[in-house]
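Just so we're aligned, residue 254 is where the sequence shown starts under my numbering, counting upward by one.
Virtual Cβ for every residue (Gly too), placed ideally from N, Cα, C.
These figures come from a predicted structure and were not determined experimentally.
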Amino acid sequence: MIIISPFSVHKSVGMAAVQENYIINGGFESNFWDDGTWQVDNLNADVQYFAYSADTWIDVDEGEHAINYWMKEEGSESKSFTISQTIAALPAGSYELSIKTMGGEGNEAGHVKLFAGEKTIDAVATSGYNAWDTINLSFTLEEETTNLQVGATVTGAANAWGYLDSFNLTAKNTDISEPVEAEIFVKKVSGLSEDFIKGVDVSSIISLEDSGVKFYNTSGIEQDIFTTLSESGVNYIRVRVWDDPYDSKGNGYGGGNNDLEKAIKIGKRATANGMKLLVDYHYSDFWADPAKQAAPKAWEHLSFEDKKTAVYQYTQESLQALLDAGVDIGMVQVGNETNGKFVGESDWTKMSELFNAGSKAIREVDANIAVALHFTNPETGGRYETIAETLNKNKVDYDVFASSYYPFWHGTLDNLTSVLKNIADTYGKKVMVAETSYTYTYEDGDGHGNTAPKETGQTLNYPITVQGQANAVRDVMEAVVNVGDAGIGVFYWEPAWIPVGPANQLEGNKGMWEKFGSGWATSFAAEYDSEDAGAWYGGSAVDNQALFDFNGHPLPSLNVFNYVHTGAVARLEINEIKDISLSVVLGEKVELPETVTVTYNDGSSGFASVTWDTAALEQAIKDGVGTYLIEGIVDGGAKIKANLQIKPENYVLNPSFEELDRSMWKIEYGNDDAPHTDYQQKASDAKSGEYSLHFHSADAIDFTIEQTINGLKPGYYNLSMFLQGGDAEDSDMAIYAIANNVEYRTKTSVNGWVNWSNPEIDNILVVDGMVTIGASIKAAGGAWGSLDDFYLYRVGDYEEEIKEEEIKEEEAPKESESDGNQTGDGKGNEKNQASNNVEKDNKPAPSDLKNTSKSPVIETKKGKSLPNTATNTYNMLLIGLFLIATGGLTILWKKKYNRRSEK
């Protein structure tokens, strides 16, 4: 198997002690026509064994000879020839094939395309006389390969011409050592250079140690974590730096309270253990990410020009302080996840000037330090290309384009490789992953709650196990390696941010987080970041993504940084048994599987028999509608769970938009607005499945989506949906249902990304079998969000209730005799952001009842339960009295009429 990794500029990676050229006569010093060292096929050109001495003006590449070619004039079609050589045998490893070329330009250019076996790269055109260029093709052989044909195909129009020289095939790495025995399986990453960055960000470490957290080596002996990291193959440390993460009284904002002083301490310990440092300047007093890029407090009122000066001076002075402390700095990051804002500026021209201010300071302090810029969301189509193009247009000076990549949020690894390779090839930049991580357990270690795993909005392609975590890290490294020589490394984010105390000691943990800043944020951060940190301050949200267990002992996955070079094997055992989720409609037969799929730690899968708790299953079926947990035992003793949901039938067609036929849904836009919704395939924005109805517009949001459902049995129904989003100023959002000329409506709103609102409407009366359900979304420009999982289900039998009323009130008229203009009685509530327009007596406020020309509207609110039928006893009594009075008046009138007749 050959893995290709092309790149346009040759760079030595220093893997092999001697770079043997596997090509014979690669410099064409002997006449290949005579000795047969090269095979020339499809000859449609004049190919010459050329002596440099024949042209006094030519720049000699090397030696005395080369190949000279000229495409024949006959015909108008493109001409070509192929020059190749067959390599008898090559051991497994990574290789680089290269050639020097120069020649005509424009219509006279030769187009040279390298190949190795079936792998090739795009043709590169010559660019002029004496304009020598090197073309490279990097590829990997997974196993020893025999009779591998390598060479070049040259094409061009009539009269195209050029020269070829210095054909080389060298090994970058032919280490074929056997994988080591370990506790986990790790597949070796082919083509991984010795200087590939295998880094970790341990910015929180000082605050954790101040909180009493201890770390151990693999033998269980307490040891400096930096020593343990180095022994595990880590060669780089990343540290975030905030300008002033403290309030006026000196209370830290948390997240490690990472100021310059802590960066120096961390940098010195990294250097002492043979690791370089990446300095991650946030240019903020606290967390900087796509959602927030606040300038430091001290810079808050600076003009833009003064802000540029501040960035330059702060970078220069702090970087010099780190170097003066003896820290070995290899790279500096100017900003953190600066997708659309930096130091409070959102205009890309200004952002670019600020980037350059930081870059200038770094170059002046030490020109050997690499400059990195950091962005995120590689899964968004065109994002990185647009950013890189803008940086290039604005002449931003940087070396490394760095990306965050969290597997549960950021798309596929193939896409990651593709977008990074595009930047490397187009703009000549190095690329890397500045942040990644994966979870190894569902357990929460400190009582604060974790960012992953979540049931919705995340893609969990790896088992939630130590083995799954190791696989995730290894695969991210391979994705960066697959970029080619420009892919320089990967950093794991906060592998040591473990609990300061167990989850059942939450109050004690809170004291540590507040005192030492060892949680992600303290309450003191509210003065600087009131909306995020001020509302959600607390502990570690990634303790289950650490590479150490909750007590500070290294997990086997930490050694992935060593094993990617050699591979690792372990005893075969079951790594994952995915719990079963089964949803059935009441009355359907419930069948749990007799066998389940299991995944082993080497990545293979199989089947195992399972024995379920039949008593629990039978009881669930007997109890009816509800959610149940049924336990089972897999052969070998492993446990499995079945999440069983027995629910009423959902009468909404394609309720989650997963089916491609969405003709049952009708979307209308207000005021002739342009469409601003789409059925988006993005699991992270969907409540369930892959699809949701996504909305966004720079202009006003104004649309409705609805579906009319027919054939329903008369009765009462409940309706709900899920909604998430943000930036919705002046919003008016609601879920609604229209039945029997009555509109039921519950207001809702959005509260941020994947913070799902779940508005509900209860007791929708359907008499004629038809209901229209939908949602109305209005907001100011810039709003965004998604709708998902509409659910309409039956909750009560209308006809049976009428019969009961007939028994109780024999004089009451039948429901069919009513005038059809009743306003109905729905009750609705919303789990998140419920409206509170309710009077103190719990009756709907007058403003809640809004009549339209179409139908009466019931604004559903929380409060006292409404009657279970469309009439109540009080109304029955009124009707009865009305009928009695009418009857009495009728009798009196008849008597009076009869008397007149008698007269």
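Where does residue i fall in DSSP's three states?
i: Gly978; result: strand
i: Lys518; result: helix
i: Ser380; result: coil
i: Thr864; result: strand
i: Gln711; result: coil
i: Ala869; result: helix
i: Phe910; result: coil
i: Asp931; result: strand
i: Ser1118; result: Note that Ser1118 has pLDDT 34, beneath the 50 cutoff, so the model's placement of it is unreliable and the number below is only indicative. Looking at Ser1118 - three-state DSSP - the assignment turns out to be coil, as it is neither helix nor strand.
i: Gly856; result: coil
i: Trp918; result: coil
i: Val442; result: coil
i: Glu1083; result: Legend: pLDDT at Glu1083 = 34, less than 50; position of this residue unreliable, no value from coordinates given.
i: Ile622; result: coil
i: Ala1123; result: Residue placement at Ala1123 cannot be trusted, given a pLDDT of 37 that sits under 50; what the coordinates show is reported in the next sentence. Note: Ala1123 maps to coil in three-state DSSP.
i: Lys831; result: coil
i: Leu1018; result: strand
i: Lys468; result: Sequence check: residue 468 is Phe here, not Lys. Here Phe468 sits in coil by DSSP.
Taking C-alpha atoms, which residue in the options lies nearest to residue i?
i: Gln338; options: Lys842, Asp288, Ala788 and Val905; result: Asp288
i: Asp699; options: Phe814, Asn757 and Thr665; result: Asn757
i: Lys966; options: Arg1047, Leu946 and Glu911; result: Arg1047
i: Ser333; options: Ser351, Gly357, Asp312 and Leu296; result: Leu296
i: Asp782; options: Ile958, Glu731, Phe479 and Ala544; result: Ala544
i: Asn400; options: Gly370, Asn412 and Tyr416; result: Gly370
i: Ile277; options: Trp323, Ala551, Asp952 and Ile336; result: Ile336
i: His364; options: Glu397, Met324 and Lys372; result: Met324
i: Asn470; options: Thr481, Glu462, Ser456 and Ala551; result: Thr481
i: Asn675; options: Gly740, Asn907, Ala541 and Tyr322; result: Gly740
i: Phe769; options: Asn511, Asn589 and Phe420; result: Asn511
i: Gly280; options: Asp1042, Gln301 and Glu317; result: Glu317
i: Gly681; options: Tyr658, Asp652 and Lys940; result: Asp652
i: Gly473; options: Asp533, Val585, Tyr305 and Pro807; result: Pro807
i: Arg616; options: Gly583, Ala641, Asp600 and Ile827; result: Gly583
i: Gly702; options: Thr819, Leu870, Tyr506 and Gly792; result: Gly792
i: Glu688; options: Phe654, Glu708, Pro846 and Ser671; result: Phe654
i: Glu361; options: Lys353, Pro344, Gly346 and Tyr382; result: Tyr382
i: Gly409; options: Glu327, Leu394, Gly885 and Thr718; result: Glu327
i: Ser556; options: Ala574, Ser571 and Gly597; result: Gly597
Taking only the alpha-carbon atoms, compute the straight-line gap between residue i and residue j and give it to the nearest angstrom.
i: Asp619; j: Gly634; result: 36 angstroms
i: Val822; j: Ser443; result: 16 angstroms
i: Val1165; j: Glu844; result: The shown model of the chain, from 254 to 1156, leaves out residue 1165, and the question about it has no answer.
i: Tyr499; j: Gly761; result: 22 angstroms
i: Glu841; j: Ile874; result: 10 angstroms
i: Thr639; j: Asn284; result: 50 angstroms
i: Gly805; j: Ile751; result: 7 angstroms
i: Glu447; j: Ala376; result: 30 angstroms
i: His627; j: Asp650; result: 13 angstroms
i: Glu431; j: Val736; result: 26 angstroms
i: Thr1001; j: Val905; result: 20 angstroms
i: Asp312; j: Val492; result: 48 angstroms
i: Gly520; j: Leu530; result: 6 angstroms
i: Leu713; j: Gln934; result: 16 angstroms
i: Val487; j: Ala749; result: 13 angstroms
i: Trp241; j: Val403; result: Look at the range of the chain in this structure, 254 to 1156, and you will see that residue 241 is not part of it.
i: Gly787; j: Thr819; result: 46 angstroms
i: Ile458; j: Glu514; result: 13 angstroms
So residue i packs on residue j, CB below 8 angstroms; how close in whole Å?
i: Val726; j: Tyr691; result: 7 angstroms
i: His955; j: Asp926; result: For clarity, residue 955 is Asp in the given sequence; the question names His instead. Right, the Cβ-Cβ distance comes to about 6 angstroms (below 8 angstroms), so this counts as a contact.
i: Phe438; j: Gly856; result: 7 angstroms
i: Trp552; j: Gly508; result: Wrong, their Cβ atoms sit about 20 angstroms apart, outside the cutoff.
i: Gly588; j: Phe608; result: 7 angstroms
i: Asn274; j: Thr387; result: No, Asn274 and Thr387 are not in contact; Cβ-Cβ is about 14 angstroms, not under 8 angstroms.
i: Ile883; j: Ala861; result: So it is not a contact: roughly 17 angstroms between Cβ atoms.
Problem - Length-filtered (4 minimum) alpha helix (DSSP H) runs lying within the region 286-314 - result: none
Exercise for the section: Any chance you could list the alpha helix (DSSP H) runs of at least 4 consecutive residues sitting entirely within the region 651-702, in chain order? Expected result: 666-680
Exercise for the section: Report the residue ranges of all alpha helix (DSSP H) runs contained in full by the region 748-826; include only those spanning at least 4 residues, in chain order. Expected result: 759-769, 786-789 and 813-819
Handout entry: Start-end ranges of the beta strand (DSSP E) lying completely within the region 375-421, minimum 3 residues
Key = 381-394 and 398-409
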